[in-house]
Every structure is written in C-alpha cells, then in structure tokens.
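A.B. asks: Taken in order, the sequence shown gives residues 336 to 915; the numbers are from my numbering. All C-beta atoms in this analysis are idealised placements derived from N, C-alpha and C, irrespective of residue type, glycine included. All values reported here derive from a predicted model rather than from experimental measurement.
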Amino acid sequence: MRSTLLSALFATSLVWADEGEIASYKVQIDAPSEIESLLERYLDLYRWRDEKKTTPDSLQLLVDRTPQEAAALLNTQGYFSSKITARLEHEDGHYRAVLKVDSGPLTRVDKVDFQLTGPITEDDAFYQRALGRLESGWALAEGDVFTQSAWSETKQRVLNRILARRYLTARIAKSEVKVDPASNTAAVTLLVDSGPAYSYGPVTIKGLQRYPERIVKNRIDLQEGGEYRRKDLADLQTDLQAMPQFGAAVVEADPSPTPPYIAPVVINLQEVPLNKLALSLGYSTNTGPRTEAQYYYNNLLDRGWVAGVRAKLDGDEQEGELSIDFPQFRSGYSHRAYVNYTSSTVEGLDTQTYKGGVFRSRKEDLIERVLGIEYLSERRVNADNNIERPQALVAYYKWIRRDLDNRRDPKNGNILQLEGAGAVQGLATDESFVQLYAQGVQYWKIGTADVAFIRLELGQNFTNDPSKVPTDYLFRAGGANSVRGYDYQSLGIISGDTTGPGRVLGTATAEYQHVVYKDWRAAVFVDYGDAADTWDSFEGQTGVGAGARWVSPVGVLGADLAYGLDAEQWRFYFSLGLTF
C-alpha cells in the first residue's frame, strides 16, 4: 500500500532575494515512505533547497532533471519501471517543487551465469573447492530482488575469495546485467579470470635506520617458494604495527607478470624515536584519582629490547615497575622480565608487595598463551594491626581465547580465560597452594544495534593456610567490572573493619545495552557474586542498576548507578583517563 507523505516546511518562507535569487523553496513528494527517504537523502533537489544563490531558471533546470536523477536512484534499489514527474509551482513569490513517484514493481533475478576461468581450472581439486566456496558466498541468487548494492557485494566477495590464495592477480573479466522491464527480471553474468598461481619470492625490508633488522626477520614466517596467501601478509602487517619500534608498517606483494610467477614481498616500515614518554591522568570510582608516568627506551644494547620504567599513583594504590620486553623469537614467543613494588590500602587491608618474574607469551589467531614464574614477598596488615608476611615462588599459566566480531566494540562472540598457578612450600614459599581461575564472556547482537552479554567468573585457591599465601593469589570482589552496588573489593572475609581475601570466588553479570543516539547506549544490568573462605561460607550478593555507554575510539566507556540489594546502598561507578 502506498502512503503519500509531504515533506516538512522549512523555517524561512520562499521569497525573492535582492538580485532575482530565491532565498529557499519547498519540496513536496508523493511516494512510498521507503522511497521518499532514499530520495530525500540523495536528490540534488533536497540538497540545494537552502542554497542562497539559486535563481528561478536554475531551479527550473534542477526540477526538469529530477525525474531522470530519481529514476537512476530507484534503479539501484531494483525499480526499473518507475514513472516519475516533477513540476515547479510559483505563487506570490513562493516556489514549490512537486514530485510524484510511481515506483512500479521490483525487478528480480531470474538467471545467474557465473564462470571461473584461467589457470585455476588446471588444478581440478582446488578448482572445485573454490567453486564451492564462491557459490556459498554468492549474495544475489535467483529469485532475489536485484539491487546495485547486492550486485556490487557479490562481485567484490567473489573476487576477494579468489584473491585470498594463490591467485593474487585475479580480475573480473566480464560483469553484465540485462534488465527486462516488461517482465521485471534481471539476468546477471559474472566472469572471473583467476590469472596464474603465485608463490612467495624474497622478502625486502625497507625503512630501518635505528633498529636491528633481526627484530623484523624474527616476525616473518613466509617461506620463499611457499603458496601465496593474502592473510599471511595481513597478519604480518598487523604484527609489525603492534611492535613498539614502529609507527606504521605496510606489507605488500609485488607479483611478476611473467613466468616464473613469484611474488616478492616488500615491507615498508616507519620507525618511532628511541625514547618514549607517556603521562596520563585519570579518575575511577574504584580507586580515586590516578596519575601515571611511563618511560620506554626501544633499543637497549642495540638488540631491540624495550626497557621500561613505570610509576603510578592513585587514591588507594602506589606502584613502581622496571621491565625489559624482548623481541619475538622465530618460534613466535615473546619474553618479558620485570620487578615491581606495589603498596595499597583497600577496605582496611594494607599491603606492600615486592615481586619479580619472567614471562613467556605467544599469540596465534584467536589464542594467547602466557607461561611464567614470579617471586612475591608481601607485608599485609589489617585494621586490627595484625601483620602477615607471606612469600611464594609461583609458576603461572594463562590461556585466553578471543573470538569477537570487533575487539573495540564486540557485539557477537565470546572470550574464555583460564588460569592456573602453583607454589611448593620450601621453594622460597611459605605455604603450598594451587590456584585455578576461569572467566567467560558471551556477547549477542540484538536487533540491528543492541547488545546483550553475560559474564561468569570462578576461582579457587587450594591451600591449607591462606594467611601464608600472597594476596595476588587469593580473591576479593565488588566494584566496577565485578559486583556493582558494592564498594571496590568489599566482598571477602570480613573481620572488624577489614575485608580480607578468600580462597573462593564466584561472580556473574547479565547486561543489556540499547542504542539511544549514534555511539551512545543505555544499559541495564544485574550482578551477583561473592568471595569467601570456602564454598560453604559463600553468600552471594546481588546488585542491579542502569548506566550509559559511549563507544569511543579506544573502546566502550561507561558510567553506572547501581543498588546493592543485600547492603541496601547506592553506588556510582565512573572511569575517565587522558594520556598525553
């Protein structure tokens, strides 16, 4: 059913300007609502209506060509039999453009002719697999409404799938659409020429002056003579861009047009200065105002080692750290050594911790692994002035799987994190323990832009005497990113005015985010959890609330107002930071 919609009147009435110019004009359109929206967005008639130098003659010319322009727009949406009229009305110095649109029926695809030719046909097994992948990704099938966007998407998707492996010079040899207005059907033809199959040639590195070449070569896993894969180059480029020594990296293949068909790889790098200083200011309702300074030297001993010095001061915690990050080896592993001092006072518990360690990590597609050993010596004082001095030499392992559609603003996918740690009494350790920890997050996209997610967190330390275990390997809960509606780390073993860490942890979150305007969302949530000495003494606390989310260039930032049902208290959570 068609609906006739009149465009809104503008604030200024249509009048003559000083030199025969029109100050503004109205546009009236009679068209289905979805078509009216399309025309309002793209027609020159709408874009020029507030142009101050429009004359009656130029406006008439604009109106005269509007039917042709509108018909071209409707063609992109599958309307090839439209009938459009436009006229210009003038009364008492006021102008109005009147547009009437009969879109006609939609055009549907009745024939698809796709052919893949070239050297790819010489490897029948690969050719058949390629055809299967291409047909599964075809976005414009018989019976579908023909639109220009779907046709463009189909062509690009088909070509990209051929370009992704071996055939990096593939091209569209023929692209044709035949529309029959009488039957409202379209026949589409696509012919793709694969071009020759390519293998990797030698790798050339350009742009190095300050840093040793080996830190780049150790990142390269391209075998000369190996099969070309576009993903290899994209992964290498991403890897190089993440290195602290480089501000930008471009990795490109330079295919030879003649046999033998090899593709030399060229790496162009933009180096950053040897020294980097970063200062940041921030505020969090968890820990109060924050000041942090970081200094890095990116080429220690001319080996590409990154030496770092970091100092942080906030309302509840002070921290200092020295570290060395070593470049990735050919095995794909990176290494880090550090020493750290942290002093904090949270919920009546005062801790001073000295620690140092060495960690080995590797990232592969969705998986990140970290293996390390660290020594901790802690002085722990509660509100009753009871002093504990635990120490431990801890072996540690962490495994993370991130499968997200967008890491900055995830809407679909999940994260799974598993950790294990242990120490043996007598090996620079006061009490043996094994700690296990797991956290999972699942995201769902709801409708066109809303997001829902759940988060589950479980942990337990298996030890006989937790008073001899460092706080880092025990658990407390509460606050932002935990159980909202309760103070930061206020859920644990309560003794007088002190909340101490426990051996078990369990928290859960369910949150729904609804888009209210562009990158702004409203959120509602419920949190549940506790930290305790044993599961028998575990008493889950519940918090509910609402908040706002902003999808910033660096990630999703938010503010929350939460009510702790068990504590019968309101808490506000907010975090903001500035780096310069």
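A343 to L451, Cα distance in whole Å?
C.D. replies: Because A343 sits at a pLDDT of 33, beneath the cut-off of 50, its placement in the model cannot be relied upon, and the following sentence gives the value as read from the coordinates. Computed Cα separation, rounded: 51 Å.
A.B. asks: How many Å lie between D800 and Q752 at the Cα?
C.D. replies: About 27 Å.
A.B. asks: Could you pull out every residue in the same chain whose Cβ sits closer than 8 Å to the Cβ of E699, ignoring the five residues on either side in sequence?
C.D. replies: Excluding sequence neighbours, E699 sits near G667.
A.B. asks: Considering only the beta carbon of each residue, do Y732 and E754 sit closer than 8 Å?
C.D. replies: Yes, these two residues count as a Cβ contact at 8 Å.
A.B. asks: Could you give the distance in angstroms between the alpha-carbon of T411 and the alpha-carbon of S484?
C.D. replies: Going by the C-alpha atoms only, they are around 7 Å apart.
A.B. asks: Ignoring anything shorter than 4 residues, give me the alpha helix (DSSP H) runs that lie fully in the stretch 646–698, in order along the chain.
C.D. replies: Runs found: none.
A.B. asks: Given E606, which residues of its chain have a CB within under 8 Å of its CB, disregarding the five upstream and five downstream residues?
C.D. replies: G542, L543, Q544, R545, Y546, Q580, F581 and G582, listed in sequence order.
A.B. asks: How about K418: is its C-beta nearer than 8 Å to some C-beta of chain B?
C.D. replies: In the displayed structure, chain B is absent; only one protein chain is listed.
A.B. asks: Quick one, which of S372, Q848, P662 and L791 has its alpha-carbon nearest P745's?
C.D. replies: Cα-wise, what sits closest to P745 is Q848.
A.B. asks: Say the cut is 7 Å; is the CB of L762 nearer than that to a heavy atom of the ligand FAD?
C.D. replies: Ligands are entirely absent from the displayed structure, and the ligand FAD is therefore not among its contents.
A.B. asks: Should I602 go down as buried or exposed, given a rule of 16 or more other Cβ atoms within 10 Å for buried?
C.D. replies: Label assigned to I602: buried.
A.B. asks: Under the rule that 16 or more other beta-carbon atoms within 10 Å means buried, what is A867, buried or exposed?
C.D. replies: So A867 ends up on the buried side.
A.B. asks: By Cβ distance, which residues of its chain are closer than 6 Å to E587, with the 5 residues on each side in sequence left out?
C.D. replies: Contacts found: V601.
A.B. asks: Quick check on the burial criterion: 16 or more other C-beta atoms within 10 angstroms. Buried or exposed for P594?
C.D. replies: With fewer than 16 other Cβ atoms within 10 Å, it is exposed.
A.B. asks: Can you confirm whether the stretch 863–879 touches the stretch 839–847 when touching is taken to mean that 3 or more C-beta pairs between the two stretches lie within less than 8 Å?
C.D. replies: With the cut-off at 8 Å, the stretch 839–847 and the stretch 863–879 touch.
A.B. asks: Pick from D901, G831 and A405: whose alpha carbon is nearest that of E874?
C.D. replies: Of D901, G831 and A405, the residue nearest in Cα terms is D901.
A.B. asks: Using 8 Å for Cβ pairs, my map puts A763 next to Y710. What's the rounded Cβ distance?
C.D. replies: Indeed, because the Cβ distance is near 6 Å, the residues count as touching under 8 Å.
A.B. asks: Check whether the stretch 430–442 touches the stretch 466–476, taking contact to mean three or more Cβ pairs, one atom from each stretch, closer than 8 Å.
C.D. replies: With a cut-off of 8 Å, the stretch 466–476 and the stretch 430–442 do not count as touching, because too few Cβ pairs lie within range.
A.B. asks: If G472 sits next to G530, beta carbons under 8 Å apart, how far is it from one beta carbon to the other, in whole angstroms?
C.D. replies: Between G530 and G472 the Cβ distance is about 20 Å, and since that is not below 8 Å, they are no contact.
A.B. asks: Have a look at E548 and Y377 and give me their C-alpha separation to the nearest angstrom.
C.D. replies: Approximately 52 Å, taken between the alpha carbons.
A.B. asks: Based on DSSP bridge pairs, tell me the residues matched to A465.
C.D. replies: None, per the DSSP bridge assignment.
A.B. asks: Since D445 contacts T520 with CB under 8 Å, what's their CB separation in whole angstroms?
C.D. replies: Confirmed, about 4 Å.
A.B. asks: Please list the segments of the alpha helix (DSSP H) lying wholly inside the stretch 563–621, counting only runs of 4 or more residues, in order along the chain.
C.D. replies: You should have 565–576.
A.B. asks: How would you write the range of the alpha helix (DSSP H) that V393 sits in, first residue to last?
C.D. replies: According to the sequence displayed, residue 393 carries Ser and not Val. Note, S393: alpha helix (DSSP H), P391 to T411.
A.B. asks: Tell me whether E424 sits in a helix, a strand or coil according to DSSP, three-state version.
C.D. replies: Three-state DSSP puts E424 in a strand.
A.B. asks: Under 8 Å by Cβ, that's how I've got G439 and Y414 pegged, so tell me the actual separation to the nearest angstrom.
C.D. replies: With a Cβ gap of about 6 Å, G439 and Y414 count as contacting.
A.B. asks: Determine the closest residue to R838 out of A857, A812 and K853, with distance taken between C-alpha atoms.
C.D. replies: With distances taken between Cα atoms, R838 lies closest to A812.
A.B. asks: Which residues share a DSSP beta bridge with S712?
C.D. replies: Paired residues: Y689 and Q726.
A.B. asks: Short check: CB of R665 to CB of R564, under 8 Å?
C.D. replies: It is not a contact, given that the beta carbons lie outside the stated cut-off.
A.B. asks: Check whether the stretch 686–700 touches the stretch 756–773, counting contact only when three or more Cβ pairs, one atom from each stretch, lie closer than 8 Å.
C.D. replies: No contact exists between the stretch 686–700 and the stretch 756–773.
A.B. asks: Need the endpoints of the beta strand (DSSP E) that K853 sits in, please.
C.D. replies: K853 -> no beta strand (DSSP E), and no H or E assigned at all.
A.B. asks: Let me know if E713 comes out buried or exposed under the rule of 16 or more other beta-carbons within 10 Å of its beta-carbon.
C.D. replies: The residue is buried, with at least 16 neighbouring Cβ atoms inside 10 Å.
A.B. asks: How would you call A476, buried or exposed, if buried means at least 16 neighbouring beta carbons within 10 angstroms?
C.D. replies: Classification for A476: exposed.
A.B. asks: Tell me S817's beta-bridge partners as DSSP assigns them.
C.D. replies: None, per the DSSP bridge assignment.
A.B. asks: Where DSSP assigns a beta bridge to W779, which residues make up the other side?
C.D. replies: DSSP output for W779 lists A787 as bridge partner(s).
A.B. asks: For the beta strand (DSSP E) containing E754, list its first residue and its last residue.
C.D. replies: Taken as a continuous stretch (DSSP letters only), the beta strand (DSSP E) holding E754 covers G748 to A758.
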